[in-house]
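Be aware that the sequence shown starts at 8, since it is given in the numbering used here, and climbs by one per residue.
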Amino acid sequence: MQRLLVTGAHGQVARALTAQAQGHFELHALDRARLDITDAAETEAALRNYRPDCVVNAAAYTAVDKAEQDQAAAYAVNRDGAAHLATACARIGARLIHLSTDFVFDGGTNVPYRPDAETAPLSVYGASKWAGELVVRRIASEVTVVRTSWVYGPGGSNFVRTMLHLLQQRAQLSVVADQFGSPTHTHTLARFLLHLVRHAQGAGQTLHWADAGAATWYDFAQMARLIALRRWPERFWGEIVPTDTAGYPTPAKRPRFSVLDTRDATRLTGLQPAGWSVMLERSLMTDDASYWLSS
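Encoded structure:
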């Protein structure tokens with residue numbers, strides 16, 4: 008049985024990985040209290056102790072707007088922590104699957120981004136994730152970089168949960184309707200990542216994985232609202248109105264278009280991305296209501 012170590016155990020991606028990996032791997036899912044990847048010595052000691060065959064790095068600084076004022080913290084996790092993991096993996100001969108983001112692109116296109124497309128991050132968050140990609144590729148030959156986008160799912164905070172909470176509190180909510188991406192459920196992302204682990208695929212490659220189709224943040228929120236109305240008709244749900252980026256300024260700039268081209272990943276694994284709206288409906292209609300409805 009393969010030994011798998013997952014970082015960032017309390018995050019939504021790691022939770023999905025843990026749920027799907029149980030019984031199929033010798034699994035060690037470590038939160039920051041048990042493995043702080045910003046500490047090089049602690050990272051090396053943990054990997055020497057657990058001796059994983061593969062590490063999935065799901066630990067990340069993901070507070071996009073906060074990163075603009077907290078650059079050191081973002082780079083400490085997204086670049087330096089990634090470097091510490093890559094170094095430790097190289098020393099014990101473990102493979103590393105490192106998660107990255109669509110925010111490494113500037114959004115100045117209307118065509119889905121291929122893995123070899125030119126990067127030009129607009130934010131500190133995106134730049135720190137791009138720096139992490141560069142450093143892990145330089146250190147470890149057995150690394151796979153997986154970029155994904157607009158991730159949500161049970162566990163942790165995410166856009167869908169935030170929207171559902173606000174819609175129960177406000178009569179009207181403005182959501183940006185001129186930024187395009189692909190919402191991606193943690194279940195389908197975890198399935199893809201574990202396929203790479205199980206079949207030892209993707210070493211030395213950069214791959215894109217996201218649920219199929221494109222949406223704006225407004226589309227995403229509106230679909231979540233419509234599904235919530237069906238499942239919880241007794242609750243109050245406010246209205247959603249579209250706005251543009253200029254009408255909703257944020258500290259960090261977002262790419263206008265960051266849809267990812269996943270064809271290389273499909274050819275490699277044989278897996279087909281699920282439609283983003285299909286996965287959203289499945290999640291909101293079947294997952295624990297207490298999670299989606301709590302703040």
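No residue lacks a Cβ here, since even glycine has one placed at the ideal position from N, Cα and C.
Computed from a predicted model, the values in this text were never measured in an experiment.
Taking the alpha-carbon positions, what's the residue i to residue j distance?
i, j, result
"D77", "A36", "27 Å"
"R154", "R242", "36 Å"
"T273", "A219", "12 Å"
"G282", "H192", "10 Å"
"L24", "L103", "15 Å"
"L54", "E125", "33 Å"
"L236", "A47", "48 Å"
"A184", "V71", "19 Å"
"Q208", "R144", "16 Å"
Could you give the DSSP three-state label for residue i: helix, strand or coil?
i, result
"E33", "strand"
"S301", "coil"
"Q364", "Any question about residue 364 goes unanswered here, given that the chain covers just 8 to 302."
"G18", "coil"
"E49", "helix"
"L129", "coil"
"L171", "helix"
"R144", "helix"
"I44", "coil"
"Y159", "strand"
"R10", "strand"
"G282", "strand"
For residue i, which beta-bridge partners are listed by DSSP?
i, result
"F187", "T223 and F264"
"H105", "N64 and V152"
"V248", "S181"
"T213", "V152"
"Y120", "L267"
"H91", "For H91, which the question treats as bridged, DSSP gives no partner whatsoever."
State the CB to CB distance for the pair residue i and residue j, rounded to an integer number of angstroms; the pair is presumed to be in contact (CB under 8 Å).
i, j, result
"R168", "W299", "6 Å"
Could you tell me whether the segment 100 to 113 touches the segment 122 to 129, using the rule of 3 or more Cβ pairs below 8 Å?
yes
Report yes or no: do three or more beta-carbon pairs, one from the segment 163 to 180 and one from the segment 146 to 153, lie closer than 8 Å?
no
Count the C-beta pairs between the segment 208 to 225 and the segment 266 to 280 that are closer than 8 Å, then say yes if the count reaches three, no if not.
yes
For the segment 131 to 141 against the segment 220 to 228, do three or more pairs of beta-carbon atoms, one drawn from each stretch, fall closer than 8 Å, so that the two count as touching?
no
Counting beta carbon pairs with one atom in the segment 199 to 207 and one in the segment 159 to 169, are three or more of them shorter than 8 Å?
no
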